[in-house]
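**Student:**
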Amino acid sequence: MAAKNVESFAAELKLPVETLLEQLKAAGVKKTKGEDPISEADKEKLLEALRKAHGGSEAAPRKKITITKRQTSEIKQADGSGKSRTIQVEVRKKRVFVKRDETDAAADAPAVEPSAPAIDQAELDRREAEAARQRELLARQEEARLAKLAAEEEARAAAQAAEQAAASAAADQTPDAEATSPSTEPAESAVTDAESAGAAGAEPEKKSKVRKVTAQQATASSEARRAVEDEVAAINRLMNAARTGKLAATAKAPEPPKPEAKADTITLKTPVKKPGEESSDKPKDKKNEKSVKSSQLSSTWQEDGAKRRALKTRGDATGGTGGWRGGPKGRNRSTEKVESNFVAPTEPVIKDVHIPETITVADLAHKMSVKGAEVVKTLMKMGQMVTINQVLDQETAMIVVEEMGHKAFAAKLDDPEAFLEESVEDQQAEELNRPPVVTIMGHVDHGKTSLLDYIRRAKVAAGEAGGITQHIGAYHVETPRGVITFLDTPGHEAFTAMRARGANATDIVILVVAADDGVMPQTKEAIAHAKAAGVPIVVAINKIDKPEANPDRVKGELVAEEVVPEEFGGDSPFIQVSAKTGQGVDDLLENVLLQAEVLELKAPVKSMAKGLVIEARIDKGRGPVATVLVQSGTLRKGDVLLAGSAFGRVRAMLDEAGRPIDEAGPSIPAEILGLTEVPQAGDEMMALGDERKAREIALFRQGKFRDVRLARQQAAKLENMFENMVDQAKVLPLIVKADVQGSQEALSASLQKLSTDEVRVQVVHAAVGAITESDINLATASKGVIIGFNVRADQTSKKLAEANGVELRYYNIIYDAVDDVKNAMQGMLAPEKKEVALGLVEIRQVFKVSRLGNIAGCMVLEGLIRRSARIRLLRENVVIWEGELDSLKRFKDDAKEVKEGFECGLTLKGYDDIHEGDQLEVFEIQEIARTL
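Next comes the structure, spelled out in structure tokens:
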């Protein structure tokens, strides 16, 4: 039972009452006698005071939780050659959470209550006084502004009255025909003053003088309107006279003075109107048309003659009136017709152009409402020779649109994939824990498959050709601690794409490093893939049982690659294991499951399946077979599946051991049959409820892929044509057939990497499946070599290959294929030429023979001279000629070679200018085979 007073509490603690009272007093609790009641809060205060007094306030360390988050994104950017490259951007966030003590939380809780203190009365009074002062200041400013405005209006009215008096005096002195023009300027000023007076009249406190001025201005405005109407009537009379052929006689009469040139330009506007039209045009249109008409009438006879002599073109701005062709009914009527059909130039229309992934030049011109020739011209200015039916890629088309002054947008029009998420979205299914997907990565021959083999208790490494992994193996293993799904990726440098796919599909990466070998190139690449995918790394230092193992060196090399072990303050556990003896394997699995527990991996189970295509191949008896990894939902036999541009209904499902299964849940790999074609490895896989929708999306993707591929091929053809024109590089055409998609990609990429400036590898065709007759025909047409990787040709194809002389090469190890192609390329390289000195000959005497020319009598000073050797003629140690021997004789007999110390006679081919004392340098050109 809890103590009610100090005395009972002291009895519980087995302390004297006086001692407890002193401790309570030191803790700030006022208790004077044993009968005083004591509460739980008093006990907490006493406990805290005792802790501080004995130095125990920080005895218990607070728990810390560190959460590291990595987020990776990709940016695709095109370089100058048009090839796109992917830049990976990684954002790292690290948070440390410290568990708070209850006393801290209790101490912080009361501090929240007075967090919003009210504003005191003095502050409110000060703010109210400040607001009143601001209102008074604004009122004074408004009064001053109104007074100033009234004064300005009064002065303006006086000036206007004076102007009107002067204008009326001038109107009495001039004839009526000239009186109409000067009135336009006062009328315009009167209209302007009326507008300003109307604006001023909107003020809330206007003066009586302002109202008076407004009345005067209204009167002036009516007078100006009457003057303008009179002027319009005069203009109509003038233009009627011009139509009847009296333009020259009447144009001089109403000519206004020069300051009033505005009226002259207005009179030239009326011929635009037809007799039946109303004369209620906007002033803006009048300005546009009168300027054009005045410019046409101001042309001289010399300009007309120049127009007649000039070449008639489609872009003639005069419409043919000043050129070779006139109107059908005379010059005046033709001019009037052209003027009446004239449309003032408008501002250019800027269009929003939506561009798909590929578009022809004609379609692009249609979208911009311009002629196709204009687009072709713009592309030529940009350095691209195209035709109107040529296909442009999206990036080029967007540049052209921007160049022509329009706005370009990447289109997502008519894309059935836009509705894909809606069709796949099911009702919110409950998310349950799922097994972790673990990828084993590392350098070749570092023991990845052997480690997985020990975990699975199966012999897999021995079954791989050459002892190296050439496919992604997907397995799920049931351990005593839980289920783990393993992806075993190849470590050979050729399988970069496979490793990238493995890292993207995984939750945790086990990085295997051999203790006797250290960090190698593919180890660094695996680290980069893991960091790019943002997954945690567990390092397994393998082959620890070897005597030359040095795990400390491995740790140092990995720290240099920013993989820091936990004992050094990092977040990557380092486990020393041996795939032979099994040492450390249990610790490795425990660390993997611990990481999975921290990640809290969950996925919905009762929903449509989504996942990733890990590997795909074509089986001779079963058709396209795809290895998929289900990431969420459940994949069942009979589901409609969409994977890239392939679709179909799942006819059969097998696990990694080849046993048939009916369904596969999250993180479970499975082999599926029933797709229409072999999907690309790495494609997203999803189950749909509607087969028609799956077919529509697959066909759309196929068409899009075909358009993009054709555009790339067309660009490649042009690039190759120009490259071949520059430096006639030799080409080794190859046709690659492999058993699975991943191996075909890796082998094609490895072979293309062998290309040099002089010899280029061209993969004409690469596909999955056996070698067929169409492959033989393609090799015959392209004069290429067929490489079969784990596939063979049937009897018909073999006979066709023998008949056409097509070479078939079979491989099951990627090393051998790459080495053989490399040797073939070395044989195609032009040999390197090297000069080898043979000897030195001195000319002792020169004999002149009219029929043969000059013959040199020589002594071989060094080495020898051969008949087939090349000669360099030296005079005073300066080379003056280089060429070949025409003849070489010793006495009267022809000689193949003459050795040192002997005399000989010789003639030079095409050269006679030889003198006694000249020296001949003898040398040969040897060809040396080059290597890549």
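Okay, so the sequence shown: first residue is 4 according to our numbering, each after it adds one.
In this text, a Cβ means the ideal position worked out from N, Cα and C, and glycines have one as well.
Report the option in A535, S581, F577 whose CA atom is closest to the CA atom of P550.
**Tutor:** It is S581 whose Cα lies nearest to the Cα of P550.
**Student:** Give the single residue among T934, L841, K740 whose Cα lies nearest to the Cα of Y1.
**Tutor:** The structure shown does not extend to residue 1, since the chain is modelled only from 4 to 935, so the question has no answer here.
**Student:** For S302, which three-state DSSP category applies?
**Tutor:** Below a pLDDT of 50, predicted positions are generally treated as unreliable, and S302, at 43, falls in that range; the measurement from the model is reported next regardless. Three-state DSSP puts S302 in coil, outside helix and strand.
**Student:** Taking the straight line between their C-alpha atoms, what separation do you get for T270 and S225?
**Tutor:** Low confidence applies here, because T270 scores a pLDDT of 38, under 50, leaving its location unreliable; read the following figure in that light. Taking the straight line joining both Cα atoms gives about 22 Å.
**Student:** Give, in chain order, every unbroken run of the beta strand (DSSP E) that is at least 3 residues long and sits entirely within the stretch 382-422.
**Tutor:** Correct list: 394-396, 410-413.
**Student:** Report the residue ranges of all beta strand (DSSP E) runs contained in full by the stretch 632-686; include only those spanning at least 3 residues, in chain order.
**Tutor:** If we require 3 residues or more, the beta strand (DSSP E) runs fully inside the stretch 632-686 come out as 643-646, 649-657, 672-678.
**Student:** Do Q586 and K613 have their C-beta atoms closer together than 8 Å?
**Tutor:** Contact: no.
**Student:** In this structure, what does DSSP give as the bridge partners for Y813?
**Tutor:** Y813 pairs with G791.
**Student:** Since T363 is in the beta strand (DSSP E), which residue starts that stretch and which ends it?
**Tutor:** Unbroken beta strand (DSSP E) run through T363: 361-363.
**Student:** Alpha carbons only, please: which of I774, Q765, V925 is nearest the one belonging to A752?
**Tutor:** It is Q765 whose Cα lies nearest to the Cα of A752.
**Student:** Measuring only the C-alpha atoms, how far is A872 from W884?
**Tutor:** Rounded to whole angstroms, A872 to W884 spans 15 Å at the Cα level.
**Student:** Report the residue from R870, E879, I931, E927 whose alpha carbon sits nearest the alpha carbon of E909.
**Tutor:** What sits at residue 909 in the sequence shown is Leu, not Glu. Measuring from the Cα of L909, the nearest candidate turns out to be R870.
**Student:** Please report how far the alpha carbon of A164 lies from the alpha carbon of L152, in whole angstroms.
**Tutor:** Going by the C-alpha atoms only, they are around 18 Å apart.
**Student:** Quick one: residues in its chain with C-beta nearer than 8 Å to the C-beta of E21, no 5 flanking neighbours on either side, listed in chain order?
**Tutor:** Counting only Cβ-Cβ distances below 8 Å, and skipping sequence neighbours, we find nothing.
**Student:** If we ignore side chains and look at the alpha-carbon of each, how far apart do V771 and S746 end up?
**Tutor:** Distance between the alpha carbons of V771 and S746: 9 Å.
**Student:** Is D548 helix, strand or coil by DSSP?
**Tutor:** Coil at D548, not helix or strand.
**Student:** Taking 8 Å as the cut-off, decide whether the C-beta atoms of P568 and N594 are in contact.
**Tutor:** No; because the gap between Cβ atoms is not below 8 Å, this pair is not in contact.
**Student:** Have a look at I817 and L811 and give me their C-alpha separation to the nearest angstrom.
**Tutor:** If I take the Cα positions, the gap works out to 16 Å.
**Student:** So, for K462: in the same chain, excluding its five sequence neighbours on each side, which residues have a beta-carbon less than 8 Å away from its beta-carbon?
**Tutor:** Bear in mind that the predicted position of K462 carries a pLDDT of just 40, short of 50, making it too unreliable to give a figure here.
**Student:** For K605, would you say it is in contact with chain C, using Cβ-to-Cβ distances shorter than 8 Å as the test?
**Tutor:** Among the protein chains of the structure shown there is no chain C, as only one such chain exists.
**Student:** How is I869 classed by DSSP in three states: helix, strand or coil?
**Tutor:** It is Arg, not Ile, that sits at residue 869 in the sequence shown. In this structure, R869 counts as strand in the three-state DSSP scheme.
**Student:** Please check the pair D39 and N8, which I expect to be a contact at CB under 8 Å, by giving their CB distance rounded to whole angstroms.
**Tutor:** D39 to N8, Cβ: 6 Å. Contact.
**Student:** Nearest to V601 by alpha carbon, out of T71, F12, A52?
**Tutor:** That would be T71, whose Cα lies nearest to the Cα of V601.
**Student:** Check whether the Cβ atoms of R620 and V743 lie closer than 8 Å to each other.
**Tutor:** Yes, Cβ-Cβ distance for R620 and V743 is below 8 Å.
**Student:** In this structure, how does DSSP classify T22 when only helix, strand and coil are distinguished?
**Tutor:** DSSP places T22 in helix when its eight states are reduced to three.
**Student:** Between D82, T69, A749, which has its C-alpha nearest V99's C-alpha?
**Tutor:** Of D82, T69, A749, the residue nearest in Cα terms is T69.
**Student:** What are the start and end residues of the beta strand (DSSP E) that includes I68?
**Tutor:** Element bounds for I68: 67-81.
**Student:** Count the other CB atoms, across all protein chains shown, that sit within 10 Å of the CB of A13; report buried if there are 16 or more and exposed otherwise.
**Tutor:** Result: buried.
**Student:** For a quick check, are the C-beta atoms of F412 and H357 less than 8 Å apart?
**Tutor:** Yes, these two residues count as a Cβ contact at 8 Å.
**Student:** Indicate whether L877 and E924 have their beta-carbon atoms separated by less than 8 Å.
**Tutor:** Cβ distance < 8 Å, so L877 and E924 count as in contact.
**Student:** Quick one: is I917 buried, meaning 16 or more other Cβ sit within 10 Å of its Cβ, or exposed?
**Tutor:** Label assigned to I917: buried.
**Student:** Within this structure, are the beta carbons of V616 and V631 separated by less than 8 Å?
**Tutor:** In contact: V616 and V631 (Cβ atoms closer than 8 Å).
**Student:** Using 8 Å as the Cβ pair cut-off and three pairs as the minimum, do the stretch 641-650 and the stretch 529-544 touch?
**Tutor:** No: fewer than three Cβ pairs fall under 8 Å.
**Student:** For P19, count the other beta carbons within 10 Å of its own beta carbon; 16 or more makes it buried, fewer makes it exposed. Which is it?
**Tutor:** By the neighbour-count rule (16 or more Cβ atoms within 10 Å), P19 is not buried but exposed.
**Student:** Say whether the stretch 839-846 touches the stretch 858-870, bearing in mind that this needs 3 or more beta-carbon pairs closer than 8 Å, one atom from each stretch.
**Tutor:** Yes, the stretch 839-846 is in contact with the stretch 858-870.
**Student:** With distances taken between CB atoms, is the gap from L911 to G886 smaller than 8 Å?
**Tutor:** Cβ atoms of L911 and G886: closer than 8 Å.
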